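A.B. asks:
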Amino acid sequence: MGSSNDEIVFYTHPQSRGRVVRWMLEEIGQPYRVEVMGYGQSMKSPEYLAINPMGKVPAIVHRGVVVTETAAICAYLADAVPAAGLAPALADPLRGSYLRWLFFVAGPVEAAVTARALGQEPPPEKAGFVGYGSYEATIGLLEQIAAKASPWLLGERFSAADVYVGSQILFGLTFKTLPPQPGFLAYAQRLGEREAFKRAAAADDALVAQPAG
Numbered sequence: 002m003g004s005s006n007d008e009i010v011f012y013t014h015p016q017s018r019g020r021v022v023r024w025m026l027e028e029i030g031q032p033y034r035v036e037v038m039g040y041g042q043s044m045k046s047p048e049y050l051a052i053n054p055m056g057k058v059p060a061i062v063h064r065g066v067v068v069t070e071t072a073a074i075c076a077y078l079a080d081a082v083p084a085a086g087l088a089p090a091l092a093d094p095l096r097g098s099y100l101r102w103l104f105f106v107a108g109p110v111e112a113a114v115t116a117r118a119l120g121q122e123p124p125p126e127k128a129g130f131v132g133y134g135s136y137e138a139t140i141g142l143l144e145q146i147a148a149k150a151s152p153w154l155l156g157e158r159f160s161a162a163d164v165y166v167g168s169q170i171l172f173g174l175t176f177k178t179l180p181p182q183p184g185f186l187a188y189a190q191r192l193g194e195r196e197a198f199k200r201a202a203a204a205d206d207a208l209v210a211q212p213a214g
């Protein structure tokens, strides 16, 4: 699992959130090395736990730095490769919206969708105890954000926020954890037309299709 200092090493499984990071890697246009991890023994091996003690994918190692958590990896890569133009600079007013929507989806949206899927949403009188409040309010705002994308979350500028937020919407539509609202569907169609998305999906789909053994 060693690497040269500037090499991006990408730990993933083709049927995981690693698909989001694969798309991000294709968007930044830098070479990367893929380490496919198996669920169970491979992800729980001492060697991999030294990289991610959670024993999960995705993770990357770059310049001696380990980054886990899908949204964090997307944000890190955008900043690490500024030439790709996938993150507003610190002085850019768009930086606030960029971070806002990344964290909104990584926090409230993820929590709301998971709670709904597990049938563990709080009763209305306890909604204040959870950061998302209610599934309806959270997903309603997400649909507004998608509907206002023109064509992207930051206007004409595609960013890492579109990779992460867009992936959550694409997954939600596929697995029916999000309603097929017009704003979601139109945004998802635009995302699916990106060449980097197509390359990433094809690479992961090819891995899924490989026989076990």
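Per our numbering, residue 2 is the first one in the sequence shown, and the count goes up by one each step. Ideal Cβ placement from N, Cα and C applies to all residues, glycine included. Just so we're clear, the structure is a prediction, and the values are computed from it rather than from any experiment.
1. Helix or strand or just coil, what does DSSP make of G214?
2. Under 8 Å, with one C-beta from each stretch per pair, do the stretch 39 to 56 and the stretch 80 to 91 reach the 3-pair mark?
3. Counting beta carbon pairs with one atom in the stretch 194 to 202 and one in the stretch 23 to 35, are three or more of them shorter than 8 Å?
4. Pull up the distance between the alpha-carbon of G184 and that of R158, whole angstroms please.
5. Does the distance from the C-beta atom of L154 to that of V164 stay below 8 Å?
6. For a test of the three-state rule: what should DSSP assign to E36, helix, strand or coil?
7. Is it the case that the Cβ atoms of Q169 and V68 are separated by a distance below 8 Å?
8. For Y133, does the three-state DSSP call read helix, strand or coil?
9. Starting from L174, follow its DSSP beta bridges and name the residues at the other end.
C.D. replies: On the basis of the data shown:
1. With a pLDDT of 43 at G214, under the threshold of 50, the predicted position of this residue should be treated as unreliable, though the coordinate-derived value follows. Of the three classes helix, strand and coil, the one that applies to G214 here is coil, per DSSP.
2. no
3. yes
4. 18 Å
5. no
6. strand
7. no
8. coil
9. DSSP output for L174 lists no bridge partner at all.
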